[in-house]
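Notes for the one structure printed next.
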Amino acid sequence: MNIGGVPQNRLPQNRPVKAGGGVDAPQQAQTVAPQLPQQQPGADVQVMSNALSSIFTGIVNFFKSAFNWIANLFKGNSGTSTAGTVPVSPQPPVVTQPQQPVDTTQPQQPVNPAQQPGANWQTIASQYKLQPTEANVHAFLAEVQAYQTDGALGPGSADAGAIKDLQSVLAKWGYQVSATGQYDAATSQAMIAFKQANGLKQTYLAADGNFAVNEYADKATLEFIMKKLEAEMAQQPQAPVVPQPAPQQPAPQPQVNYAAVAAQYKIEASEANVNAFLAEVKAYQTQGTLGPGSADTAAIRDLQDALTRLGFQVPITSQFDAATSQAVMAFKQVNGLHQTYKNQNGNWAINEYAEPQTLQVIMAKLQAQMAQQQPAAQPAPQPAPQPQAPVAQPAPQQPAASQVNHAAVAAQYKIEASEANVNAFLAEVKSYQTDGALGPGSDQKQAITDLQTVLQKWGFAVTPNGSFDDATTKAVMEYKKQNGVHQTYKSADGSWAVNEYADKATLAHIMQKLEAEIKKAS
3 MNIGGVPQNR
13 LPQNRPVKAG
23 GGVDAPQQAQ
33 TVAPQLPQQQ
43 PGADVQVMSN
53 ALSSIFTGIV
63 NFFKSAFNWI
73 ANLFKGNSGT
83 STAGTVPVSP
93 QPPVVTQPQQ
103 PVDTTQPQQP
113 VNPAQQPGAN
123 WQTIASQYKL
133 QPTEANVHAF
143 LAEVQAYQTD
153 GALGPGSADA
163 GAIKDLQSVL
173 AKWGYQVSAT
183 GQYDAATSQA
193 MIAFKQANGL
203 KQTYLAADGN
213 FAVNEYADKA
223 TLEFIMKKLE
233 AEMAQQPQAP
243 VVPQPAPQQP
253 APQPQVNYAA
263 VAAQYKIEAS
273 EANVNAFLAE
283 VKAYQTQGTL
293 GPGSADTAAI
303 RDLQDALTRL
313 GFQVPITSQF
323 DAATSQAVMA
333 FKQVNGLHQT
343 YKNQNGNWAI
353 NEYAEPQTLQ
363 VIMAKLQAQM
373 AQQQPAAQPA
383 PQPAPQPQAP
393 VAQPAPQQPA
403 ASQVNHAAVA
413 AQYKIEASEA
423 NVNAFLAEVK
433 SYQTDGALGP
443 GSDQKQAITD
453 LQTVLQKWGF
463 AVTPNGSFDD
473 ATTKAVMEYK
483 KQNGVHQTYK
493 SADGSWAVNE
503 YADKATLAHI
513 MQKLEAEIKK
523 AS
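In the working numbering, the protein residues as written are 3 to 524.
So this is what it looks like as C-alpha cells:
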C-alpha cells in the first residue's frame, strides 16, 4: 500500500512499552441528554413531543464507516511510492526527554554499519534512544525503510484523505484527535496510545530494553485497525452510511427520579412503568422505528402510502408530520395496538411512533389485502432480464403462510411458484431493510456513490452520482453474475434469480474483494 510514505526529514519517536500495560487510551466523556416523548394530559392516546427527533437524525450505520475506510485505502493504493531513500537524522517530536536539534538543511543517510563498525551503532542508538546492539539498530533501520514501501502514515505524510480517515476512526474509538487531514501532535499521541492499548509495538527495542512504540501507523497497525473494524461490522451489520453516535437513554439506575419522569411525560408513576417507558424509547434507536424527526424520507413515504391504501387519510409528503402522527395513532387504536407502558389514568398508552410491532401489523394488513385481489394475467416467464425485487415497505414482517397468495406473488414477480420459493423471496425482500441493502429508491447518496466508485474502478460502466440509476442497476447485476452471487429464491425458469439490489451478501463479497486487492498490493 502507498497511503502516506515517510518524509526524509522525519523518523519515529520511540516510546517504550511500560511493564504495567502502557498508557491508557483516552476515554470519551460525552453524554447525550435523553430525548423522551411527551404525553398528552388525561388522554388514552398520547402524542410524544418532538424532543425525540434528535434520536433519529443521529442513528449510526457502522457498515458505511468500514466500507469507506477500506475503499479509501484502496483508492490511496493506486499512487506511486515516495523515493526509496531511508529517512535519517532530523529529530521527531519529543515524547519523554528533549533531544538536541539536528541540522535539517540537507537529508543525511544513516552511517553504513559495515563501513564504520562499533561507533556507528552507538551513534544511531544514542540518537534515537535505542538499545545499542547491532541487531537492534539493523531492525530499526529496516523498519523505517519499510515505511516508504508499506504505506505507513506518520508526521509529514502528504495523503490528507487517508490521514483524515485514520483520525476519524481513532476519534470514534475515543481518542482525542480531530479529523484535520494533518498528521499533527494529537494524532501522534493518539496513535501511540492506540498501539499501547492494543499491545502493538515496533520490531526494535528502546534503550531500556523494552520494545519501542512510535507514532507511525505502519502496515501492522493499519492491518490491526482493519481487523478491528471488520469485527465491529460483523457484530452490527448495517447500511453503508457514515455513522453518528446514537444518543443513549438513561439506564434504569437508582439515580433515576421515577416520580419526575412520570410527571414530565404524564405516565403512571410506578417504577416498573417508568422503566418500561425508558426501555421502549431506547429501543426506538435500534429497531428501525419511524417518528417525528426521522430522516429516512423513503421509509416515511412508504409508510404514508401503506396507511393511505389501508384507508387512513394522510398526504404523501415523505415527512413525519402531524397528519402522519394522527394516522399512526388511529391505526394503532383500530387494530388494538398500544405501548408497553401506561398513562397516568392506568390505561395503556398509544403514541405516534411506528415501531416494529406497528409496522408488522401494517405489513400483514397489506399482504392480506393483496391476497384477496385477483392477480392480473401475466406474460409467459422469460429467463432474462432477471426480475427486480419490489421497493421494500418500512420494516415489513413475514405474514403467516395462510395470508399469502403464493401463486399471485409468483406470477407478479416472475419467480418459481412453490410456497418455499415465494417465502424465500418475501423473506429476502424484508431483510433488505435490516441488512442495509442498496437499490432503486435508496436515498443514501454517499453510500451509493461509494458503491459506484468501486464498481467503476473494476471496469463497470457506471458514473458515481449518488443515484441508484439504470446504469448502477445493470452494473450490480453484472457484478453478481460475474462473481457467482445470486438471490435466495429462483426465477420462473428454475434458475437462481439475480436482481439489482446490492444486498448484504453482495456488499460482503465486494468488501472481501477489496481486502484481497489491498493485501495483494501491500
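In this text, a Cβ means the ideal position worked out from N, Cα and C, and glycines have one as well.
The structure presented is a predicted model; accordingly, all values stated were derived computationally and were not measured.
Problem set entry | S444 beta carbon less than 8 angstroms from that of F427 | no
Exercise. For V336, does the count of other Cβ atoms within 10 angstroms reach 16, so buried, or fall short, so exposed?
Worked result: exposed
Problem set entry | Pairwise C-alpha distance: E145 and V283 | 52 angstroms
For this session: Would you mind stating whether P358 and Q435 have Cβ atoms separated by less than 8 angstroms?
Result: no
For this session: Mind checking which residues open and close the beta strand (DSSP E) that includes A449?
Result: Not the beta strand (DSSP E): A449 falls in the alpha helix (DSSP H), residues 447-459.
Problem set entry | Contact set for Y343: own chain, Cβ-Cβ below 6 angstroms, skip 5 residues either direction | I269, N275, A278, F279, A351
For this session: For Q30, count neighbouring C-beta atoms within 10 Å of its own C-beta (all shown protein chains included) and say buried if the count is 16 or more, exposed if not.
Result: Any reading at Q30 must be qualified, since the residue scores a pLDDT of 31, below 50, and its modelled position is unreliable; no value is offered.
Exercise. Nearest to T451 by alpha carbon, out of V431, D437, A473?
Worked result: A473
For this session: Please state whether DSSP places K203 in a helix, a strand or coil.
Result: coil
For this session: Answer yes or no: do G491 and A439 have a C-beta to C-beta separation smaller than 8 angstroms?
Result: The sequence as given places Tyr at residue 491; Gly does not occur at that position. Cβ atoms of Y491 and A439: not closer than 8 angstroms.
Exercise. Nearest CA to the CA of A195: which residue from A510, A499, Q178?
Worked result: Q178
Problem set entry | Exposed unless 16 or more other CB atoms sit within 10 angstroms - verdict on S159 | buried
Exercise. By how many angstroms is the C-alpha of M372 removed from the C-alpha of A297?
Worked result: 29 angstroms
For this session: Output the distance between the C-alpha atoms of A141 and T455, rounded to the nearest integer angstrom.
Result: 39 angstroms
Exercise. Under 8 angstroms between the Cβ atoms of F314 and L292?
Worked result: no
For this session: Identify the continuous alpha helix (DSSP H) that holds A214 and give its terminal residues.
Result: Where A214 is concerned, there is no enclosing alpha helix (DSSP H), although the beta strand (DSSP E) it sits in stretches over 214-216.
Exercise. Tell me the DSSP bridge mates of S180?
Worked result: BP columns for S180 are empty, so no partner.
For this session: Identify the continuous alpha helix (DSSP H) that holds V500 and give its terminal residues.
Result: Neither: V500 is in no alpha helix (DSSP H) and is coded neither H nor E.
Exercise. Beta-carbon separation of R311 and L368 under 8 angstroms?
Worked result: yes
Problem set entry | Proximity to T182 [Cα-Cα], best of G153, A162, G156, A409 | A162
Exercise. Given that a residue counts as buried once 16 or more other Cβ atoms are within 10 Å of its Cβ, and exposed if not, what is G496?
Worked result: exposed
Exercise. Quick one: what's got a C-beta closer than 6 angstroms to K506's C-beta in the same chain, skipping five residues either side?
Worked result: D437
Problem set entry | Whole-angstrom distance between L202 and A214, CA atom to CA atom | 9 angstroms
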